[in-house]
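For the sequence shown, our numbering begins at 68 and goes up steadily by one.
Every residue, glycine too, gets a C-beta built ideally from N, C-alpha and C.
Bear in mind that the values here come from a model prediction, so they are computed numbers and not experimental data.
Structure first, commentary second.
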Amino acid sequence: MSLIHTDIADDVGIITLCHQAKRNALSETLIKEVQAALGAFKAQSVRVVILRAEPGAKVWSAGHLVDELPESGYDPLGWQDPLRSVIRDIEALPVPVIAMVEGGVWGGACELVFACDMIIATPEATFAATPAKLGVPYNVSGLLTFLTAATPHIAKELLFTGRPMRASRLEILGIVNHVVPADKIEAFCQDMARGIVDNSPLAISVMKEQLRILGAAQPLSPQDFERIQGLRRVVYRSADYREGIRAFKEKRKPVYRGE
Ligand code: YXS
Numbered sequence: 068m069s070l071i072h073t074d075i076a077d078d079v080g081i082i083t084l085c086h087q088a089k090r091n092a093l094s095e096t097l098i099k100e101v102q103a104a105l106g107a108f109k110a111q112s113v114r115v116v117i118l119r120a121e122p123g124a125k126v127w128s129a130g131h132l133v134d135e136l137p138e139s140g141y142d143p144l145g146w147q148d149p150l151r152s153v154i155r156d157i158e159a160l161p162v163p164v165i166a167m168v169e170g171g172v173w174g175g176a177c178e179l180v181f182a183c184d185m186i187i188a189t190p191e192a193t194f195a196a197t198p199a200k201l202g203v204p205y206n207v208s209g210l211l212t213f214l215t216a217a218t219p220h221i222a223k224e225l226l227f228t229g230r231p232m233r234a235s236r237l238e239i240l241g242i243v244n245h246v247v248p249a250d251k252i253e254a255f256c257q258d259m260a261r262g263i264v265d266n267s268p269l270a271i272s273v274m275k276e277q278l279r280i281l282g283a284a285q286p287l288s289p290q291d292f293e294r295i296q297g298l299r300r301v302v303y304r305s306a307d308y309r310e311g312i313r314a315f316k317e318k319r320k321p322v323y324r325g326e
């Protein structure tokens, strides 16, 4: 059974996450289906992609499937991690991806939405970045996604508190493009997509890639990179990291000791 639904209409590709049983958790299986859909859309020269959950979803996505996070000792968000891979695919796709958000967005799904080119959300949508709640040392390119979408203060509030932030606040902060009532959001996104479809796909694809390169242009010396990797290794080899994952699986509040 597929965990997503796809559709193409008038040069617009639509991917609907429909694994509500696991709250659209970003499992390797679900992510590979999304990646296959993106590849098919590219092959069929769609001009815009809309990434959404089912109408009325209470949870857009619960984030990384915790069961697929390593228990300890390994980087939970290394280059090969499916979430990292699909975010690179979205950033590299030569057409705009619109995130149409209803419901709660959790953990790495926040980054997935922020990596999209535009975000349209309902007033009820919320965004909760949870690495600190689980003891996960988010990775460098992932943190850059947050820093590209938000100011450092807002990125830190999201990441350090792990508390849900409402779409209306993110709209004021310029992170969410538009907040639109649930009964109007589908038509709104389709209208925005049509506005893009009518423009030059070549100009748009080249501007999207230029903006990606410019946004990622961060001076980072090899020494700084190695220091970052060493710092992250301390975290994902810590007792706190093991405790975060174990507490989630045991459905209890974690007790962190800073070691
Ligand atoms: O018990 P069953 O088998 O029915 O499964 C339950 C949940 O265990 C499962 N589920 C998940 N399984 C693995 N990974 C997840 N992230 C995940 N989220 C949910 O889905 C079934 C229904 O969940 P339930 O009963 O809790 O649904 P609910 O409607 O009462 O609550 C919905 C949520 C989203 C508020 C709740 O499921 C929740 O708090 N989920 C975890 C959200 C979260 O902390 N995500 C971060 C994952 S780690 C990640 O994304 C990055 C590594 S990081 O942390 O660094 O950002």
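Check this for me: beta carbons of residue i and residue j, under 9 Å apart or not?
i, j, result
"Ile157", "Leu105", "yes"
"Pro204", "Tyr323", "no"
"Ile154", "Leu132", "no"
"Leu211", "Ala283", "yes"
"Val162", "Pro268", "yes"
"Gly171", "Ala199", "no"
"Leu225", "Gly311", "no"
"Val115", "Gly80", "yes"
"Leu240", "Ile252", "no"
"Phe255", "Val247", "yes"
"Ser69", "Asp134", "no"
"Asp394", "Val264", "Any question about residue 394 goes unanswered here, given that the chain covers just 68 to 326."
"Pro137", "Pro143", "yes"
"Thr193", "Ala249", "no"
"Ala110", "Thr73", "no"
"Gly209", "Gly175", "yes"
"Ile71", "Val101", "yes"
"Ala234", "Phe181", "no"
"Ile165", "Cys183", "yes"
"Gln257", "Ile117", "yes"
"Glu121", "Leu84", "yes"
Classify residue i as helix, strand or coil using the three-state DSSP reduction.
i, result
"Leu136", "coil"
"His245", "strand"
"Ser288", "coil"
"Ala166", "strand"
"Gly202", "coil"
Can you name the residues that DSSP bridges to residue i?
i, result
"Arg233", "Thr193"
"Trp173", "Ala195"
"Thr83", "His72 and Arg119"
"Met185", "Ile165"
"His220", "Looking at the DSSP assignment, His220 forms no beta bridge with any residue, so it has no partner."
If you follow the alpha helix (DSSP H) that residue i is in, where does it begin and where does it stop?
i, result
"Arg119", "Where Arg119 is concerned, there is no enclosing alpha helix (DSSP H), although the beta strand (DSSP E) it sits in stretches over Val115 to Ala120."
"Thr212", "Val207 to Ala216"
"Asp307", "Ala306 to Lys316"
"Ala103", "Glu95 to Ala110"
"Gly262", "Ile252 to Val264"
"Ser152", "Pro149 to Ala159"
"Pro268", "Pro268 to Gly282"
Need the endpoints of the beta strand (DSSP E) that residue i sits in, please.
i, result
"Asp74", "Ile71 to Ala76"
"Ser128", "Val126 to Ser128"
Original post:
Can you pull every residue whose C-beta falls closer than 5 Å to some heavy atom of the ligand YXS, listed in chain order?
Top reply: Chain-ordered list of matching residues: Lys89, Arg90, Ala92, Val126, Ala129, Gly130, His131, Leu132, Val133, Trp173, Gly174, Gly175, Thr197, Pro198, Leu201 and Val203.
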